[in-house]
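Enquirer:
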Amino acid sequence: MQKLLYFLICLCSTFSLHAQGYNITVQLKGYQSGTVYLGHYMGKTTYVMDSAQISNEGIAVLKGPEKQPGGIYMVVLPGKTRYVEMLMDKVQTFSVSIDTSDLSGKTVYKNSPDNDMFSAYNKFLSSQSDIMNDIQQKLAAARTAEDTAKVRPLSEGLGKKLLAYRDNIIRQQPQTLLASIFKAMRETEVPPMPRKKDGSLDSTYPYLYFKAHYWDDVDLSDGRLVRTPIIENRLTRYFNQLVAPIPDSVILEGDRLIAKTRKDKESFKYVVWWLTHTYEGSPIMGMDAVFVHLVEKYYVTKQAYWVTEEQNQKIIDRAFTIAPNLIGQKAAALPLVDTAGRPKALYDIKSKYTVLVFWDPTCGHCITEVPRLDSAYKASWKKKGVAMYGVKTEGTQAEWTQFIKDKNLVGWTHVWDPGYKSNYRKFYDVYSTPLVYLLDENKKILAKRLGVEQLEEFLDREAKGTAAKR
252 MQKLLYFLIC
262 LCSTFSLHAQ
272 GYNITVQLKG
282 YQSGTVYLGH
292 YMGKTTYVMD
302 SAQISNEGIA
312 VLKGPEKQPG
322 GIYMVVLPGK
332 TRYVEMLMDK
342 VQTFSVSIDT
352 SDLSGKTVYK
362 NSPDNDMFSA
372 YNKFLSSQSD
382 IMNDIQQKLA
392 AARTAEDTAK
402 VRPLSEGLGK
412 KLLAYRDNII
422 RQQPQTLLAS
432 IFKAMRETEV
442 PPMPRKKDGS
452 LDSTYPYLYF
462 KAHYWDDVDL
472 SDGRLVRTPI
482 IENRLTRYFN
492 QLVAPIPDSV
502 ILEGDRLIAK
512 TRKDKESFKY
522 VVWWLTHTYE
532 GSPIMGMDAV
542 FVHLVEKYYV
552 TKQAYWVTEE
562 QNQKIIDRAF
572 TIAPNLIGQK
582 AAALPLVDTA
592 GRPKALYDIK
602 SKYTVLVFWD
612 PTCGHCITEV
622 PRLDSAYKAS
632 WKKKGVAMYG
642 VKTEGTQAEW
652 TQFIKDKNLV
662 GWTHVWDPGY
672 KSNYRKFYDV
682 YSTPLVYLLD
692 ENKKILAKRL
702 GVEQLEEFLD
712 REAKGTAAKR
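Printed below as a string of structure tokens:
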């Protein structure tokens with residue numbers, strides 16, 4: 252199972268299991284010097300956790316005082332371009348002999364039943380490589396649906412062989428790590444579509460059944476799966492393809508899965524971390540509400556035991572900065588003044604929509620985007636009941652007013668906060684410019700961080716939705 256990896260220094264904490272530790276003797280044929288590394292998966296990412304020098308006899312010993320969590324590990328050869336995957340679980344003292352002429356076929360383990368099974372499986376995969384290559388070549392050469400259909404029996408036959416091999420391990424060795432991995436790799440089999448009362452097929456059934464049974468064979472209380480790519484792949488597919496991209500739906504499903512991890516610290520840590528990381532930086536507008544929920548439920552309550560007090564506080568501070576400007580919230584008041592120093596508060600603007608723009612006349616991106624916003628406003632947004640409320644963030648007053656004049660930004664309400672008394676950066680999470688919010692007539696946040704084209708599309712959808720309700 253060879254792949255080219257890059258390796259990162261592991262930032263995740265390793266937990267002491269109060270055992271004798273690990274001791275892996277590596278015999279490398281053809282080497283008399285160099286460094287071998289011990290790595291492991293954390294989700295799909297790999298980390299280096301240890302290293303050892305190769306002796307003149309081609310032997311290196313990777314050892315440590317703490318027993319490691321079960322999972323897929325790897326011995327990385329000098330140069331870090333080739334490696335051998337192996338399992339580590341209950342038995343963590345064993346030896347491995349590696350012949351670099353055939354890493355999959357000639358690697359031999361001693362005193363490691365888990366790896367005897369794993370090695371046998373890899374050799375079985377290698378024995379099927381000719382069939383796999385034949386299928387791939389025929390699929391690549393297929394020009395019609397008929398050509399593709401001819402390959403299907405070969406592909407299905409190979410799939411059945413692989414499933415039969417894995418199912419045999421699951422039946423005979425149900426408590427082993429390899430059995431847990433193979434179970435988690437199973438695809439949910441969807442029964443034929445039932446018919447509705449009117450006799451038509453229920454087309455929603457496959458999706459609903461697949462989603463309902465997606466996690467049936469994945470033991471989320473088995474922390475060993477965290478140190479494999481399986482859990483991350485499963486989570487990514489589930490939330491990208493099966494869960495509606497709506498904050499309430501994601502929050503419900505996220506909490507439900509986290510509850511299933513409670514019996515294992517490694518699983519709980521990983522799933523909470525993955526969800527937090529994924530939805531803090533989600534490209535889908537509004538998903539930052541998921542991040543805020545996770546922080547309030549798991550970090551504020553100090554359940555995220557793997558982060559330091561300082562790290563925990565930074566995460567909480569970030570969530571509390573985002574919380575006031577979530578989609579659906581009332582926008583924070585902005586008691587600002589215009590170019591002449593007259594009060595022009597945000598809530599003084601009476602319009603169906605308000606486009607709130609934080610911008611800087613010295614910012615290169617603003618110099619391009621603000622005139623584009625103005626063009627769209629004059630061309631169509633104004634007719635839709637949009638008012639423009641522009642807030643200066645940086646640059647001098649002279650630079651600001653000159654830019655407004657040069658670009659003919661008339662029709663806007665241009666404001667600033669000379670003494671920074673409104674704390675707008677905190678309430679609107681202003682860390683880069685231009686930053687655009689769309690507010691409704693009651694100043695509720697409808698959308699944020701949109702470009703001109705996205706804002707145009709959003710306003711069109713809003714107009715169609717309003718018309719449909721009439």
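For the sequence shown, the positions run 252 to 721 when our numbering is used.
Think of the CB as a built atom: it goes at the ideal place given N, C-alpha and C, for glycine as much as any other residue.
1. Sorted by chain position, which residues of the same chain lie with C-beta nearer than 6 angstroms to residue 541's C-beta, five sequence neighbours on each side aside?
2. Among 646, 695, 562 and 600, which one has its Cα closest to the Cα of residue 663?
3. Pairs of beta-carbons, one from the segment 691-703 and one from the segment 613-624, closer than 8 angstroms: are there three or more?
4. Please go through the same chain and pick out, in chain order, the residues whose beta-carbon is closer than 7 angstroms to the beta-carbon of residue 677, but skip the five residues on each side of it.
5. Helix, strand or coil, according to DSSP, for residue 302 in the structure here?
6. Determine the extent of the beta strand (DSSP E) in which residue 348 is found, giving its start and end residues.
7. Return the CA-CA distance between residue 415 and residue 539, expressed in angstroms with no decimal places.
8. Mark residue 259 as exposed unless 16 or more other C-beta atoms lie within 10 angstroms of its C-beta, in which case mark it buried.
9. Please confirm whether residue 658 and residue 625 have their CB atoms less than 9 angstroms apart.
10. Do you know how far the Cα of residue 686 is from the Cα of residue 636?
11. Quick one: is residue 488 buried, meaning 16 or more other Cβ sit within 10 Å of its Cβ, or exposed?
12. For residue 435, count the other beta carbons within 10 Å of its own beta carbon; 16 or more makes it buried, fewer makes it exposed. Which is it?
13. Rounded to whole angstroms, what's the CA-CA distance from residue 367 to residue 325? Just pull it up for me.
14. Measure the Cβ-Cβ separation of residue 322 and residue 475 and say whether it is below 9 angstroms.
15. Give the single residue among 641, 273 and 715 whose Cα lies nearest to the Cα of residue 340.
16. Determine the extent of the beta strand (DSSP E) in which residue 609 is found, giving its start and end residues.
17. What residue does the alpha helix (DSSP H) around residue 379 start on, and which one ends it?
18. Need the endpoints of the alpha helix (DSSP H) that residue 697 sits in, please.
19. Alpha carbon to alpha carbon, what distance is there between residue 553 and residue 492?
20. Distance, Cα to Cα, residue 565 vs residue 557?
21. For the putative contact between residue 287 and residue 329, defined by C-beta atoms under 8 angstroms, what is the C-beta separation to the nearest angstrom?
22. Which partner residues of residue 643 appear in the DSSP bridge assignment?
Expert: To lay it out plainly:
1. 498, 501, 502 and 530
2. Taking residue 663 as reference, the option from 646, 695, 562 and 600 with the minimal CA-CA separation is 600.
3. yes
4. 572
5. strand
6. 344-350
7. 43 angstroms
8. Residue placement at residue 259 cannot be trusted, given a pLDDT of 30 that sits under 50; what the coordinates show is reported in the next sentence. The residue in question, residue 259, is exposed, as its Cβ has fewer than 16 Cβ neighbours within 10 Å.
9. yes
10. 20 angstroms
11. exposed
12. It is buried - the Cβ of residue 435 has at least 16 other Cβ atoms within 10 Å.
13. 15 angstroms
14. Yes. Within cutoff.
15. For residue 340, the nearest C-alpha among the options comes from 273.
16. 604-610
17. Premise fails: residue 379 is in no alpha helix (DSSP H) and is neither H nor E.
18. Where residue 697 is concerned, there is no enclosing alpha helix (DSSP H), although the beta strand (DSSP E) it sits in stretches over 696-699.
19. 31 angstroms
20. 14 angstroms
21. Right, their Cβ atoms sit about 7 angstroms apart.
22. Paired residues: 610.
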